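Asker: Residue numbers (the numbering used here): 13 to 498. The C-beta atom is built at its ideal place from N, Cα and C for all residues, glycine as well. Remember, predicted model here, so these are calculated numbers, not experimental data.
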Ligand code: PNW
């Protein structure tokens with residue numbers, strides 16, 4: 013057996029041994045939280061002066077894109093029920109609540125020419141209710157719900173939208189920054205860009221969109237740094253997501269393919285911020301392929317030296333979403349001539365049938381993957397302080413006894429605890445989600461909640477699932493099992 017083969021087998025053995033739950037206490041200052049996002053829970057889509065956003069437009073004009081033609085018009089009705097939401101957080105005992113601001117609720121046109129005071133009041137009330145209950149707000153400035161007027165101007169493919177975002181972000185710091193100490197500029201840019209730009213120009217539009225989001229993030233961080241940090245003293249970052257990418261075999265090609273996959277998913281956004289510029293492998297592959305396709309320049313836009321140093325270091329912690337893992341194989345023949353992100357990446361990914369499934373087609377339970385992923389983040393980005401800003405699993409709503417979710421949280425948290433022992437600087441963990449909510453194209457059929465929400469009931473009654481008791485105990489004791497070692 014080669015040395016590499018030996019290491020691969022050892023790692024595999026470690027992953028099997030990890031089935032036992034880690035019985036060490038989480039550090040005393042470790043933060044536990046729960047998350048939602050505005051469009052997924054608030055409802056009140058046109059109340060009190062809120063403007064239209066792309067999800068309003070999309071679900072109203074193309075209801076067929078969402079399972080059962082559902083939409084977020086009412087969702088969990090959190091716009092009216094935020095006090096109940098805070099009471100649920102209080103019941104869980106969490107340190108913080110991750111929620112997002114609806115841009116169109118604060119700025120109906122997308123621009124600062126018109127500030128919608130009732131929208132501002134809603135968030136002020138929510139934040140006050142949280143603080144009164146000893147819960148820290150962790151606030152996402154943008155979680156996918158772009159104001160429709162900005163989409164009409166080209167969305168994230170337009171430089172103009174960067175300017176609008178920067179003004180919106182500054183306003184958020186001004187309005188809420190006395191009370192909000194943890195900020196996320198964007199949620200999961202990787203999910204934003206193919207959706208909003210892939211349709212028009214695959215292999216080009218999503219890179220332009222990503223380029224603009226990186227610039228917008230950096231601008232927002234610098235504004236905070238220069239105009240607000242001294243008085244508000246908070247922390248600003250971005251949340252990037254990736255699934256763990258495990259080589260399908262110990263061949264050099266598959267090992268390189270898995271690393272390439274991490275660089276094209278996580279590194280696309282993280283490298284410029286936590287290291288500098290785009291990952292080398294993205295720059296070289298996309299440039300080579302673009303030339304072979306007959307372009308005169310790379311389809312991946314480039315940053316000037318000045319921009320590279322401006323973006324590098326624009327973080328005060330690292331926000332990371334992680335749910336599952338994939339096996340990765342190198343793709344032998346990657347066609348030239350059809351600009352496409354997947355061809356640029358050139359890998360085949362899959363999840364073997366014997367990995368435990370849940371209701372979401374893309375999500376199998378791979379608790380060992382989060383430990384490997386966290387170690388990869390530590391090695392690749394120079395050991396930043398990490399807050400896991402989302403992690404969770406789906407049920408179909410048929411029972412309140414969500415035993416699979418209890419196991420999911422126990423086993424993933426066990427691996428997070430082991431990663432801390434490996435030396436990874438994980439400082440916080442966020443369960444997705446506080447409650448069942450509007451799960452984008454899956455509507456209300458995929459339920460991530462600790463709390464069940466009855467969407468047939470006008471009151472949107474919330475009921476704790478079994479996982480509430482488990483997570484509550486973990487938050488309280490900092491321990492995943494009955495008794496823990498120091
Ligand atoms: C995240 N994937 O999206 C979002 O931040 C949430 O709004 C969403 O509800 C949650 O995860 C659950 O889906 C993702 O396919 C969607 O790898 C898809 C993937 C990852 C994250």
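Count the other CB atoms, across all protein chains shown, that sit within 10 Å of the CB of residue 95; report buried if there are 16 or more and exposed otherwise.
Answerer: So residue 95 ends up on the exposed side.
Asker: Of all the options 467, 349, 239 and 498, which has the alpha carbon lying nearest to the alpha carbon of residue 89?
Answerer: Among 467, 349, 239 and 498, the Cα nearest to that of residue 89 is on 467.
Asker: Measuring alpha carbon to alpha carbon, tell me which of 289, 177, 356 and 145 ends up nearest residue 347.
Answerer: The option with the nearest alpha carbon to residue 347 is 356.
Asker: Whole angstroms is fine: what's the gap from residue 46's alpha carbon to residue 475's?
Answerer: Looking at the two C-alpha atoms, the distance is approximately 16 angstroms.
Asker: Under the criterion of a Cβ to heavy atom distance below 6 angstroms, does residue 199 qualify as lining the ligand PNW?
Answerer: Under cutoff, so the answer is yes.
Asker: Indicate, with yes or no, if the ligand PNW has a heavy atom lying under 6 angstroms from the CB of residue 289.
Answerer: Incorrect: residue 289 has no Cβ contact closer than 6 angstroms to the ligand PNW.
Asker: Is residue 53 near residue 99, with beta carbons less than 7 angstroms apart?
Answerer: Going by C-beta atoms, residue 53 is not nearer than 7 angstroms to residue 99.
Asker: From residue 379 to residue 420, what distance separates their C-alpha atoms?
Answerer: Cα-Cα distance, rounded: 7 angstroms.
Asker: Let me check you understand the geometry: is the CB of residue 253 closer than 6 angstroms to at least one non-hydrogen atom of the ligand PNW?
Answerer: Yes, Cβ of residue 253 sits closer than 6 angstroms to a heavy atom of the ligand PNW.
Asker: Report the rounded CA-to-CA distance for residue 232 versus residue 497, giving the unit in angstroms.
Answerer: Going by the C-alpha atoms only, they are around 42 angstroms apart.
Asker: How long is the line joining the alpha carbons of residue 209 and residue 345, rounded to whole angstroms?
Answerer: Caution applies to residue 209, whose pLDDT of 48 falls short of 50 and renders its modelled position unreliable; the value that the coordinates give is listed next. So the alpha carbons of these two residues sit roughly 26 angstroms apart.
Asker: Measuring from the CB of residue 374, is there a heavy atom of the ligand PNW at a distance below 6 angstroms?
Answerer: Yes; taking the cut-off as 6 angstroms, the Cβ of residue 374 has a heavy atom of the ligand PNW nearer than that.
Asker: Just to confirm before moving on: does the CB-CB distance between residue 118 and residue 198 stay below 7 angstroms?
Answerer: It is not a contact, given that the beta carbons lie outside the stated cut-off.
Asker: Going by CA-CA distance only, name the one from 103, 142, 123 and 456 that's closest to residue 163.
Answerer: The shortest C-alpha separation from residue 163 is found at 123.
Asker: Just the C-alpha distance for residue 417 and residue 336, rounded to the nearest angstrom, thanks.
Answerer: For residue 417 and residue 336, the distance between alpha carbons rounds to 14 angstroms.
Asker: Name the DSSP bridge partner or partners of residue 7?
Answerer: Any question about residue 7 goes unanswered here, given that the chain covers just 13 to 498.
Asker: Can you give, in chain order, each stretch of the alpha helix (DSSP H) that sits fully within the stretch 21-94 and has at least 4 residues?
Answerer: If we require 4 residues or more, the alpha helix (DSSP H) runs fully inside the stretch 21-94 come out as 50-53 and 66-73.
Asker: Helix, strand or coil for residue 257, going by three-state DSSP, please let me know.
Answerer: Strand at residue 257.
Asker: Report, in whole angstroms, the separation of the C-beta atoms of residue 447 and residue 462, which I expect to be a contact under 8 angstroms.
Answerer: About 7 angstroms separates the two Cβ atoms, so the contact holds.
Asker: Please state whether DSSP places residue 274 in a helix, a strand or coil.
Answerer: Residue 274: helix per DSSP, three-state reduction.
Asker: Would you kindly work out how many angstroms separate the C-alpha atoms of residue 176 and residue 64, rounded to a whole number?
Answerer: C-alpha separation (whole angstroms): 16 angstroms.
Asker: Is there at least one non-hydrogen atom of the ligand PNW closer than 6 angstroms to the beta-carbon of residue 49?
Answerer: True, at least one ligand heavy atom lies under 6 angstroms from that Cβ.
Asker: Excluding the 5 residues flanking residue 326 on each side, which residues of the same chain have their C-beta closer than 6 angstroms to its C-beta?
Answerer: The answer, listed in chain order, is 230, 233 and 285.
Asker: Does the stretch 234-253 come close enough to the stretch 312-319 that 3 or more CB-CB pairs lie under 8 angstroms?
Answerer: Touching, no.
Asker: Determine the burial state of residue 374: buried for a count of at least 16 other Cβ atoms within 10 Å of its Cβ, exposed for fewer.
Answerer: The residue in question, residue 374, is exposed, as its Cβ has fewer than 16 Cβ neighbours within 10 Å.
Asker: Which residues bound the beta strand (DSSP E) around residue 440?
Answerer: 438-444 is the extent of the beta strand (DSSP E) around residue 440.
Asker: According to DSSP, is residue 126 helix, strand or coil?
Answerer: Residue 126 falls in the coil class under three-state DSSP.
Asker: Grab me the residues of residue 19's own chain with a C-beta within less than 7 angstroms of its C-beta, minus the 5 sequence neighbours each way, in chain order.
Answerer: Its pLDDT being 45, under 50, residue 19 is placed unreliably by the model, and the measurement read from it follows with that caveat. If we look at residue 19 and ignore the five residues flanking it on each side, it has no Cβ neighbours.
Asker: What does a CB cutoff of less than 6 angstroms around residue 112 pick up in its chain, not counting 5 residues either side in sequence?
Answerer: Excluding sequence neighbours, residue 112 sits near 49, 50, 152 and 155.
Asker: Use the C-beta contact count for residue 401: other C-beta atoms within 10 angstroms, 16 or more gives buried, fewer gives exposed.
Answerer: Residue 401 should be labelled buried.
Asker: Less than 8 angstroms between C-beta atoms, sequence neighbours within five positions excluded: which residues of the same chain meet that for residue 313?
Answerer: Around residue 313: 219, 220 and 223.
Asker: For residue 148, list the residues DSSP reports as bridge partners.
Answerer: Answer by DSSP bridge pairing, in chain order: 108.
Asker: Our contact map puts residue 169 next to residue 217 with C-beta atoms below 8 angstroms; I'd like the distance itself, whole angstroms only.
Answerer: With a Cβ gap of about 6 angstroms, residue 169 and residue 217 count as contacting.
Asker: Quick test of your reading: residue 107 and residue 43, contact by CB under 8 angstroms. State the CB separation rounded to the nearest angstrom.
Answerer: That belief holds up - the Cβ atoms of residue 107 and residue 43 are roughly 4 angstroms apart, short of 8 angstroms.
Asker: For the alpha helix (DSSP H) containing residue 486, name the first residue and the last one.
Answerer: Start and end: 478-489.
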